[in-house]
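Report on the structure given below.
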Amino acid sequence: MKIGFIGLGNMGGPMAANLAKAGHEVTGFDMADVKIEGIKMAGSAATAAEGARVVITMLPNGDILRRVADEVIPAMETGAVLLDCSTVDVESARDVAAQAQAAGLSALDAPVSGGVGGAAGGTLTFMVGGDEAGFDIARELFDIMGQKAVHCGPSGNGQAAKICNNMILGATMIATCEAFTLADKLGLERQAMFDVVSTSSGYSWSMNAYCPAPGIGPKSPADNGYQPGFAADLMLKDLRLSQQAAETVDADTPMGRAACDLYAEFVEKEDGKGRDFSAMLPRFETRGRG
Ligand code: NAD
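Residues in the sequence shown are numbered from 520 upward in steps of one, following this note's numbering.
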């Protein structure tokens, strides 16, 4: 399949490389000067999109997606699919999809979970919003870049699933870290805490699969000096998107708001920038109630 790929950063680069490795003809474009094995680089986003059956975007935010969409949609052939895998606000996803559909294209919003490791290993999960016809065309690409693609309904629903998932993740990671700190202060061994919680009703992905305490549970960024992993900055981005969405639809999300405020403090006022989002645990260790 002829594919245009725009945004070849930490995630897009390895995703595009996997498509090329699987035999697809991939033409890429990035603002930065990047080279990816097996990818022919174009001089503009529009050139990368010309003649492609699917144009994939993997960009930092909704404003950039809107700008790139303005450029690529007129260059795409009728019936082609615009497949955005970035994490962006639901409104931008729905507006770009409407713009693409008005131009005779299929549009999918398909944000991912699995991070840079999942992008490199081809084990991402895609949460997909958009029309069935587009999903059917893109399915073989999801199978190469990931291990699972869930069709969540119409345009924007992929982004909705992603930000709801990450709102739960942010809140449970904070709850797990503060509980470890309380347990420490009560004299409970961390291993005992893990053994109980990971098999009791407090269990979660944050505790069981990504334990924020070094040396406990399966290997996680805590065992690597809290190098990301999933950076606290990216968690903050997703929590802000969930708060923006909650405001738009008047949803009451007090835990999500508290998680967002705490990650903002951690990243913007403390030492959270560039650290894994599970570094909330050492943050709590240094604090009391005051
Ligand atoms: P990144 O900053 O490494 O890559 C973004 C790329 O887009 C860069 O190479 C940049 O040069 C390029 N770019 C920016 N503006 C452009 C434009 N106008 N035209 C062409 N290229 C442009 O970011 P990333 O980590 O690859 O993340 C990409 C998206 O994936 C984000 O929306 C992020 O939230 C999401 N995401 C990231 C992770 C992760 O662990 N990194 C996990 C899940 C989802």
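For every residue, glycine included, the Cβ atom is placed at its ideal position computed from N, Cα and C. Predicted, not measured: the structure shown is a model, and the values here were computed from it.
| Query | Result |
| --- | --- |
| Going by DSSP, name the residue or residues bridged to ASP628. | ASP603, GLY648 |
| Just the Cα atoms here: how many angstroms apart are MET872 and ASP552? | In this structure the chain extends from 520 to 809, so residue 872 is not present and cannot be described. |
| Let me know the secondary structure DSSP gives ASP742 once reduced to three states. | helix |
| Can you tell me the Cα-Cα spacing of ASN743 and PRO733, whole angstroms? | 8 Å |
| Taking just the CA atoms, how far does THR566 sit from ASP687? | Reading off the sequence shown, one finds Ile at residue 687, where the question assumed Asp. Straight-line Cα distance between these residues: approximately 40 Å. |
| Short of 6 Å in beta carbon distance, which residues of its chain neighbour GLY523, apart from the five on each side in sequence? Order them along the chain. | THR546, ALA567, ALA568, ALA571, VAL574 |
| Are the CB atoms of LEU627 and ALA588 nearer to each other than 9 Å? | no |
| With distances taken between CB atoms, is the gap from PRO630 to ALA680 smaller than 9 Å? | yes |
| Compare the Cα-Cα distances from PHE645 to each of ALA652, ARG759, GLN678, ALA622 and report the closest residue. | GLN678 |
| If you drop the 5 nearest sequence neighbours on each side, which residues of the same chain put their C-beta closer than 7 Å to that of GLN710? | ILE735 |
| If I'm right that SER671 touches GLY648 with Cβ under 8 Å, what's the distance once you round it to whole angstroms? | Note that residue 671 is Cys in the sequence shown, not Ser. Sure, about 6 Å apart at Cβ, within 8 Å. |
| What first and last residue would you give for the beta strand (DSSP E) that runs through VAL820? | Residue 820 lies beyond the stretch modelled for the chain, which goes from 520 to 809, so this question has no answer here. |
| Could you check whether the Cβ of ALA564 sits closer than 8 Å to any heavy atom belonging to the ligand NAD? | yes |
| Is the distance from the Cβ of LEU643 to the Cβ of ILE592 below 9 Å? | no |
| With burial defined as no fewer than 16 other Cβ atoms inside 10 Å of the residue's Cβ, what is the status of VAL786: buried or exposed? | buried |
| I believe MET577 touches HIS543 by the beta-carbon criterion, under 8 Å. Please report the beta-carbon distance rounded to the nearest angstrom. | With 8 Å as the limit, MET577 and HIS543 do not qualify as a contact, their Cβ atoms being about 15 Å apart. |
| Considering only residues of the same chain and omitting the five flanking positions on each side of ARG613, which have a CB-CB separation below 6 Å? | SER674, GLY675 |
| Is any heavy atom in the ligand NAD found nearer than 8 Å to the beta carbon of MET550? | yes |
| What are the start and end residues of the beta strand (DSSP E) that includes ALA798? | Where ALA798 is concerned, there is no enclosing beta strand (DSSP E), given that its DSSP letter is neither H nor E. |
| Hey, how far is the Cα of PRO747 from the Cα of ILE525? | 24 Å |
| What does LEU643 pair with, by DSSP beta-bridge criteria? | GLY665 |
| Applying the criterion that 16 or more other CB atoms from any shown protein chain within 10 Å of the CB defines a buried residue, is ARG802 buried or exposed? | buried |
| Is the beta carbon of ASP549 less than 9 Å from the beta carbon of LEU584? | no |
| On a Cα-Cα basis, can you pick out the residue from GLU596, LEU602, GLU766 that is closest to ALA535? | LEU602 |
| Which one of TYR722, ASN529, SER563 has the shortest CA to CA distance from GLY640? | ASN529 |
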